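Asks: I'd like to ask you about the structure that follows.
Residue numbers (this note's numbering): 4 to 297.
In structure tokens form, the structure reads like this:
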């Protein structure tokens, strides 16, 4: 069980583990529940599958003496695509191959490109758009589902569904998921920016959110933003005012009727928030009554 911090620590110590690959959620668990000497043999640590935040890298390095680096991949890509190379693995004389805040450069044989969100036109370096990957690691397809395969694989390029940008040195920065945008009134509205802003207002720490933003169908605008909160009795009107003061466009600010409380955030086996379940909860709370049309 990767969430059992004591067992993970014991296995690492007993087997003199040198490499650890985990989600940032698991890394937070080890920071809280694993003894420092249990991971003393580690030389390389990678965080992937969700954003590796600075508070996690700093806390892990402080406790265990090795700094985690961010990597990126997908099951359909076998699964590794890119990684930041730790200083202990850097080849002297070679170009810089690690940059915090990015997921690193594509691995040997892989190529990345950024297109508009429809996938029709490739964008210049530095512009944010849809990330595509090409290489020998791209899957042949989904078993017995050619229809799904055609949706994500085109001329050898895999459509990741991630929103990202490429810099001049080849580093990839992931900025969001295509599924974490809502099209409201013809404009793409990013859930993560709204979510991060509300969590900041509520004083949540990185990796321990108090709210999650999703959306439900809306008859007039296309979609409606929904905020599910762990915190009880929050001042919703104050939050909406604060979002305005922070400079968020009116279209990005949920209505005061679009907040709801939940007991806990559902998570996947990887430790990531289960966004599909979050959306189901939102639909249960808001789609069976007239509030959906507000």
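Beta carbons are placed, not taken as given, at the ideal position from N, Cα and C, and that holds for glycine.
Given the structure is predicted, the values throughout are model-derived calculations rather than measurements.
Got a sec, what are the start and stop residues for the beta strand (DSSP E) residue 75 sits in?
Replies: Here the beta strand (DSSP E) through residue 75 covers 72–76.
Asks: State yes or no: is the beta carbon of residue 138 nearer than 8 angstroms to at least one beta carbon in chain B?
Replies: Absent from the structure: chain B. Only one protein chain is present.
Asks: How many Å lie between residue 6 and residue 231 at the Cα?
Replies: Each residue's Cα considered, the two are about 25 angstroms apart.
Asks: Using the Cα positions of residue 85 and residue 168, report the straight-line distance between them to the nearest angstrom.
Replies: Straight-line Cα distance between these residues: approximately 13 angstroms.
Asks: Give the single residue among 219, 194 and 107 whose Cα lies nearest to the Cα of residue 255.
Replies: Residue 255 has its Cα closest to that of 194, out of 219, 194 and 107.
Asks: For the segment 143–155 and the segment 207–218, state whether three or more C-beta atom pairs, one from each stretch, are separated by less than 8 angstroms.
Replies: Short answer: they don't touch.
Asks: Tell me the start and end of each unbroken alpha helix (DSSP H) in the segment 216–269 that is at least 4 residues and wholly inside, in chain order.
Replies: You should have 239–248.
Asks: Could you give the distance in angstroms between the alpha-carbon of residue 213 and the alpha-carbon of residue 90?
Replies: In a straight line, the C-alpha of residue 213 is about 35 angstroms away from that of residue 90.
Asks: Please name the residue or residues paired with residue 177 in a DSSP beta bridge.
Replies: According to DSSP, residue 177 bridges with 167.
Asks: Could you pull out every residue in the same chain whose Cβ sits closer than 7 angstroms to the Cβ of residue 282, ignoring the five residues on either side in sequence?
Replies: Closer than 7 angstroms at the Cβ level, and outside the excluded window around residue 282, lie 217.
Asks: In the DSSP assignment, find the unbroken beta strand (DSSP E) run with residue 200 in it and report its ends.
Replies: Taken as a continuous stretch (DSSP letters only), residue 200 belongs to no beta strand (DSSP E), being part of the alpha helix (DSSP H) at 194–205.
Asks: State buried or exposed for residue 185, treating a residue as buried only when at least 16 other CB atoms are found within 10 Å of its CB.
Replies: The residue is buried, with at least 16 neighbouring Cβ atoms inside 10 Å.
Asks: So, at 6 angstroms on beta carbons, what are the nonlocal neighbours of residue 107 in its own chain, with the 5 sequence-adjacent residues on each side left out?
Replies: The answer, listed in chain order, is 85, 86 and 87.
Asks: What does DSSP give as the partner residue(s) for residue 184 in the beta ladder?
Replies: Residue 184 is bridged to 193.
Asks: By Cβ distance, which residues of its chain are closer than 6 angstroms to residue 249, with the 5 residues on each side in sequence left out?
Replies: So the qualifying residues of the chain are 200.
Asks: Measuring CA to CA, which of 221, 204, 275 and 263 is closest to residue 247?
Replies: Closest option to residue 247, Cα to Cα, is 204.
Asks: Identify the continuous beta strand (DSSP E) that holds residue 25 and give its terminal residues.
Replies: Where residue 25 is concerned, the enclosing beta strand (DSSP E) stretches over 22–25.
Asks: Run through DSSP, which three-state label would residue 121 get?
Replies: Coil, per DSSP.
Asks: Candidates 130, 150, 164 and 215: which alpha carbon is nearest residue 280's?
Replies: Comparing Cα-Cα distances from residue 280 to each of 130, 150, 164 and 215, the minimum goes to 215.
Asks: For residue 257 versus residue 229, is the C-beta spacing smaller than 8 angstroms?
Replies: Yes, Cβ-Cβ distance for residue 257 and residue 229 is below 8 angstroms.
Asks: DSSP has residue 108 in a bridge; who is on the other side?
Replies: According to DSSP, which records beta bridges pairwise, residue 108 is partnered with 86.
Asks: Going by C-alpha distance, which of 103, 132 and 68 is nearest residue 182?
Replies: When only C-alpha atoms are compared, the closest one is 132.
Asks: Taking all protein chains shown into account, decide if residue 222 is buried (16 or more other Cβ within 10 angstroms of its Cβ) or exposed.
Replies: With fewer than 16 Cβ atoms within 10 Å of its Cβ, residue 222 is classed as exposed.
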